Amino acid sequence: VTNTISQSMDLQTKAQAVFVESTDTLNEYVNEMTGLVNKLSGDITGGLKAVSTSNREMINLAKQTTALTEVVDGTFKESLQSIASVTTLQPALENLTFGIDSQITFLKQISENTSNPVPKNKKSTFNIMGGKK
2 VTNTISQSMD
12 LQTKAQAVFV
22 ESTDTLNEYV
32 NEMTGLVNKL
42 SGDITGGLKA
52 VSTSNREMIN
62 LAKQTTALTE
72 VVDGTFKESL
82 QSIASVTTLQ
92 PALENLTFGI
102 DSQITFLKQI
112 SENTSNPVPK
122 NKKSTFNIMG
132 GKK
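According to the numbering used here, the sequence shown holds residues 2 to 134 in order.
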């Protein structure tokens, strides 16, 4: 009986040693897994923050683009109105140009006539538009 009890105690001691060793190994694996999960969690959190920041920046960019588009649209509308005004004024500007050209011609004729006076026996009159009567 003593021998059986002794063998039983040895078996229990060996089983306990194997159990402790298995438990220690399992604890090491659990610690490694916990570290990996924590690292992975940090990576995921960092990635989500980066995506969130990027989304906010894209929203800001979209708002700025919308504002810029509105400014450009307003500028184009103003330009079209300016072009329409110039088109409306074109006949008046052409008449003004013609009038200025006529005045230049008339002033040249006056200048020529004053530098080459007409002899006293020849009298000539000019109308305002520069032609002889």
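Backbone N, C-alpha and C fix where the C-beta goes; we use that ideal spot for every residue, glycine too.
All of these numbers come straight from a predicted model, not from anything done at the bench.
Following the DSSP letters along the chain, one finds V2 in no alpha helix (DSSP H), marked with neither H nor E.
Here the alpha carbons of T46 and A16 stand approximately 44 Å from one another. Taken atom to atom, the span from the alpha-carbon of L37 to that of N28 is near 14 Å. Counting only runs that start and end inside the stretch 64-101, there is no beta strand (DSSP E) element of at least 3 residues.
Distance from the CA atom of T88 to the CA atom of E95, rounded to whole angstroms, is 11 Å.
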